[in-house]
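Sequential numbering of the sequence shown, starting at 1, is according to UniProt numbering.
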Amino acid sequence: MVQINDISEMMGELNKESSIQALGSKTGVDASILPKLAVVAIPLILRALSKNAESKAGKDSLSNALEKHKGQTKDVSSIEDVVKKADTDDGDKILDHAFGDKDKVVDQIAAQTGISKSEVAKVLASMAPMILGMLADKKDADGLDADGVAKQTDIFSKQAEEAATKNFDITDLFPKQSGTTTPAATGGLGGILGSILGNLF
């Protein structure tokens with residue numbers, strides 16, 4: 001049995017061939033770009049959730065939502081099982097709540113990567129339930145209140161960006177951001193995420 005204890009572990013597991021195959025079967029996205037797109041999706045969603053949780057209402061809303069996602073990443077047989085069982089309809093609802101305007105985020109990623117909107121949307125919707133499941137199990141294990149959930153979400157967000165920057169070269173996914181004069185280029189992954197979310201928050 002596997003228990004996903006941190007974001008870096010999740011991202012590492014998602015880079016394994018068996019996980020890529022499972023996510024590819026679920027989303028129809030080519031295996032050559034899937035890991036990079038997945039590791040952009042994880043910190044992107046976490047950053048949006050963290051931003052929403054800066055208000056009291058946002059903290060309470062996220063904390064309450066996590067009650068519905070307990071047990072999704074605890075004592076599972078493998079990460080690919082989590083991928084296969086991810087409820088993408090639920091994922092769409094999570095994305096709508098996190099981004100406010102999910103379609104705008106999907107449009108921006110699609111425009112910057114050349115990946116179709118439908119493929120981007122499917123990857124984001126597959127990642128979102130896994131992220132909330134992990135936060136829910138962390139909340140349950142550590143007895144976190146709404147403030148603790150907000151802090152943990154921010155921690156996971158920073159860990160995800162660090163892990164993605166350290167272990168994955170995602171800059172070639174964003175050719176329009178590759179010029180040396182753009183804020184996204186100088187800011188690395190953080191700049192790219194900020195560029196995508198900038199018009200939402």
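Ideal Cβ positions, reconstructed from N, Cα and C, are used throughout, including at glycine.
Where the alpha helix (DSSP H) containing residue i begins and where it ends
i       : result
Ile-79  : 79 to 85
Asp-142 : 117 to 142
Ala-111 : 102 to 113
His-69  : Unbroken run through His-69: none, as it is neither H nor E.
Lys-93  : 88 to 99
Environment of residue i [buried if 16+ CB atoms lie within 10 Å]
i       : result
Pro-43  : buried
Ala-137 : Note that residue 137 is Asp in the sequence shown here, rather than Ala. It counts as buried.
Ser-18  : exposed
Asn-52  : buried
Ile-196 : buried
Gly-198 : exposed
Ala-98  : buried
Gly-143 : exposed
Ile-41  : Checking the displayed sequence, the identity of residue 41 turns out to be Ala instead of Ile. Ala-41 should be labelled buried.
Glu-161 : buried
Collapsed DSSP secondary structure at residue i in the structure displayed
i       : result
Asp-195 : Sequence inspection shows Ser at residue 195; the Asp mentioned does not correspond to that position. Helix.
Glu-54  : coil
Ala-31  : coil
Asp-169 : coil
Asp-60  : helix
Asp-145 : coil
Phe-174 : coil
Leu-200 : coil
Asp-6   : coil
Nearest neighbour of residue i, chosen from the options [CA to CA]
i           : options                               : result
Asp-101     : Ala-121, Thr-113 and Pro-175          : Ala-121
Val-29      : Val-123, Gly-188 and Gly-91           : Val-123
Pro-175     : Leu-95, Ile-45, Gly-91 and Gln-112    : Gln-112
Ile-45      : Val-105, Val-149 and Glu-13           : Val-105
Phe-168     : Asp-96, Gly-188, Thr-27 and Met-134   : Gly-188
Asp-87      : Ala-128, Leu-173 and Val-39           : Ala-128
residue 261 : Ile-79, Lys-56 and Lys-16             : Given a span of 1 to 201 for the chain in the structure shown, any question on residue 261 remains unanswerable.
residue 216 : Ser-8, Glu-80 and Leu-200             : Lying outside 1 to 201, the shown extent of the chain, residue 216 is not represented and no answer is given.
Lys-59      : Lys-139, Glu-162, Ile-170 and Lys-166 : Lys-139
Glu-119     : Ile-7, Gly-12, Glu-13 and Ala-31      : Ala-31
Asp-147     : Asn-64, Leu-14 and Leu-37             : Asn-64
Below-8 Å beta-carbon distance, residue i vs any chain D residue
i      : result
Gln-21 : Of the chains in the structure shown, none is chain D; there is only one protein chain.
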